[in-house]
Amino acid sequence: MILDRIVTQPVIETERFDLRPLRRSDAGLISHWAGDARVARMTTSIPHPLPPGAIEAFVERAMAADRDEHVWAIDGTRDQGPELMGVISLKPLDEDGAEVGYWVAPLFWNTGMASAALEALVRENPMGDRTLFASVFQDNPASARVLSHCGFEYLGDAESYSVARGALVPTWTYSRKL
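Reminder that position 132 of the sequence shown reads as 132 in the numbering used here, one-by-one numbering, no gaps.
Rendered as structure tokens:
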């Protein structure tokens with residue numbers, strides 16, 4: 001029996017859910033939700049359709065000791081919910097800042113889940129960052145509202161490549177001082 005490697009990422013508790021490091025058993029639910037075109041199209045990095053092994057490789061990278069991104073599952077079992085309702089991540093940019101990324105399964109859209117997860121991550125500031133950055137596609141105003149609700153300030157417009165769309169997409173960029 002191969003045991004999952006212990007990671008040093010903290011578990012962040014809220015009343016409704018926990019943000020916890022990914023584990024191999026998350027791959028099925030991540031594949032299910034991230035494989036939804038509505039989710040993939042609002043991210044820069046999730047391809048659609050998902051190629052075989054993509055999610056398993058993502059989970060392995062997230063669990064690696066030398067990972068370049070810290071990824072948490074939004075786990076609802078605390079409140080009798082599903083084990084995985086979405087993911088949220090921090091990707092270090094330099095010694096003082098990180099980029100936030102998140103997606104929530106469509107079943108949990110418009111429930112405050114994304115805002116609550118981002119608020120918990122900001123409150124705990126697990127990596128000790130001084131500034132967080134985030135960008136959202138301009139055709140995703142719900143994600144922009146999440147950032148504004150959580151105290152992020154609009155910085156300007158830019159573009160990012162979306163793998164699912166196969167194109168550059170206009171974005172809004174935000175930051176939050178901690």
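Even glycine gets a Cβ: it sits at the ideal position worked out from N, Cα and C.
Original post:
Leaving out the 5 sequence neighbours to the left and right, which residues in its chain are closer than 8 angstroms to P106 when beta-carbon positions are compared?
Top reply: W33, D36, R38, V39
Subject >> Status (buried if at least 16 other CB within 10 Å, exposed otherwise) for R20 >> reply: buried
**OP:** Within the same chain, show all residues whose beta-carbon is closer than 7 angstroms to that of M113, passing over the 5 residues directly before and after it, in chain order.
**Re:** I74, M85, G86, V104
Original post:
If we ignore side chains and look at the alpha-carbon of each, how far apart do L90 and Y161 end up?
Top reply: 19 angstroms
Subject >> For E60, the first and last residue of its enclosing alpha helix (DSSP H) >> reply: 54-63
Original post:
Just curious, the alpha helix (DSSP H) that G97 is in, first and last residue?
Top reply: Segment 97-104 is the beta strand (DSSP E) holding G97; no alpha helix (DSSP H) there.
Subject >> Reduced DSSP category for H48 - H, G, I as helix; E, B as strand; rest coil >> reply: coil
**OP:** Grab me the residues of L178's own chain with a C-beta within less than 8 angstroms of its C-beta, minus the 5 sequence neighbours each way, in chain order.
**Re:** V122, N125, D129, R130, T131, L132
**OP:** Could you tell me the distance, in whole angstroms, from the CA atom of V59 to the CA atom of L155?
**Re:** A direct Cα-to-Cα measurement between V59 and L155 gives close to 31 angstroms.
Original post:
In terms of residue numbering, what span does the beta strand (DSSP E) encompassing W72 cover?
Top reply: Annotation: the continuous beta strand (DSSP E) that includes W72 extends over 70-75.
Original post:
Just to confirm, are F152 and M42 a CB contact at a threshold of 8 angstroms?
Top reply: no
Subject >> Inside the stretch 112-164 only - beta strand (DSSP E) runs reaching at least 3 residues >> reply: 131-137, 153-162
Original post:
Three-state secondary structure (DSSP) at R176?
Top reply: strand
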